[in-house]
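Asks:
Right, dumping it as structure tokens:
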């Protein structure tokens, strides 16, 4: 409960990202602790970051897109991305500034985006994956209530994927953030 109170006290909320957020999302993607697992251990170019943002918004699915975690609109502290891999399935990606790690922010912002996505009755599954060594990310997926989907091979080595089926999703599991 202390983490939730702290987030409200700092006026942290989610909002849909727009093209003006691309430089801020790029800066977050360029944090060494963030790109260590997310972009195969290499900081992305600004063009790659811009494409990452455009791809999420161009899928033509109302449940897909990018949300930014911000405090009073001053800083981008985190990003949640839901990208459509098919008509009934979304891939969840979350990244958080290292200064925010350990506060429950990744799970809470991801859960909030999942509530929004499952409001679209056509979405059956949301899944996420990470390198096997990224135990913090595995912990977020487990806190979200996701089930183990399987082992995969990523460019940097072995990975794991977790999934949540709409019929098993508990919107009350984690208190959602305000969406503005």
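Residue numbers (the working numbering): -18 to 161.
C-beta atoms are modelled at their ideal positions from N, C-alpha and C, and glycine is treated no differently.
The model shown is predicted, which means the values in this text are computed figures rather than measured ones.
(1) Under 8 Å between the Cβ atoms of residue 44 and residue 98?
(2) What are the residues that DSSP puts in a beta bridge with residue 109?
(3) In three-state terms, what does DSSP make of residue 10?
(4) What residues in its chain sit with their C-beta under 6 Å from that of residue 5, if we drop five residues either side in the sequence?
(5) To which residues of the same chain is residue 152 closer than 7 Å at the C-beta, ignoring the five residues directly before and after it?
(6) So does the region 123 to 132 actually touch the region 142 to 156, counting three or more Cβ pairs closer than 8 Å?
(7) Counting beta carbon pairs with one atom in the region 7 to 18 and one in the region 72 to 84, are three or more of them shorter than 8 Å?
(8) My output table needs one value for residue 83: the three-state DSSP class, helix, strand or coil.
(9) State the beta-bridge partners of residue 121 as determined by DSSP.
(10) Should residue 27 be labelled buried (16 or more other beta-carbon atoms within 10 Å of its own) or exposed?
(11) For residue 23, I'd like the list of residues in its chain whose CB is within less than 7 Å of its CB, leaving aside the five on either flank, ordered along the chain.
(12) Closest by CA to residue 104, which one among 36, 150, 132, 115?
(13) Contact defined as beta carbons within less than 8 Å: I believe residue 161 pairs with residue -6. What is the distance between those atoms, to the nearest angstrom?
(14) Just how far apart, CA to CA, sit residue 88 and residue 32?
(15) Buried or exposed: where does residue 62 fall if 16 or more other Cβ atoms within 10 Å of its Cβ makes it buried?
Replies: Reading it off the structure:
(1) Position 63 of the chain shown, counting from 1, holds the residue named residue 44. Position 117 of the chain shown, counting from 1, holds the residue named residue 98. Taking 8 Å as the cut-off, the Cβ atoms of residue 44 and residue 98 count as close.
(2) Residue 109 sits at position 128 when you count from the first residue of the chain shown. Answer by DSSP bridge pairing, in chain order: 143.
(3) Counting from 1 along the chain shown, the entry for residue 10 is found at position 29. Helix at residue 10.
(4) If you number the chain shown from 1, residue 5 lands on position 24. Excluding positions up to five away in sequence, the list reads 57.
(5) Numbered from its first residue, the chain shown carries residue 152 at position 171. Once the five neighbours on either side are set aside, the close Cβ partners of residue 152 are 96.
(6) Taking a cut-off of 8 Å on C-beta distances, the region 123 to 132 touches the region 142 to 156, as three or more cross pairs fall below it.
(7) Yes, the region 72 to 84 touches the region 7 to 18.
(8) For the purposes of this step, residue 83 is identified with residue 102 of the chain shown, where counting begins at 1. Here residue 83 sits in coil by DSSP.
(9) As a position in the chain shown, residue 121 is number 140, starting the count at 1. None; residue 121 has no bridge partner.
(10) Your numbering for residue 27 matches position 46 in the chain shown. That one is exposed.
(11) For the purposes of this step, residue 23 is taken as residue 42 along the chain shown, with counting starting at 1. Apart from sequence neighbours up to five positions away, the residues of its chain that approach residue 23 with a beta-carbon distance below 7 Å are 16, ordered along the chain.
(12) Residue mapping note: residue 104 aligns to position 123 of the chain shown, counting from 1. Measuring from the Cα of residue 104, the nearest candidate turns out to be 150.
(13) Locating residue 161 in the chain shown gives position 180, counting from the first residue. Locating residue -6 in the chain shown gives position 13, counting from the first residue. About 5 Å separates the beta carbons of residue 161 and residue -6, which is inside the 8 Å limit, making them a contact pair.
(14) Counting from 1 along the chain shown, the entry for residue 88 is found at position 107. Counting from 1 along the chain shown, the entry for residue 32 is found at position 51. Here the C-alpha atom of residue 88 lies approximately 25 Å from the C-alpha atom of residue 32.
(15) For the purposes of this step, residue 62 is taken as residue 81 along the chain shown, with counting starting at 1. Buried: at least 16 other Cβ atoms inside 10 Å.
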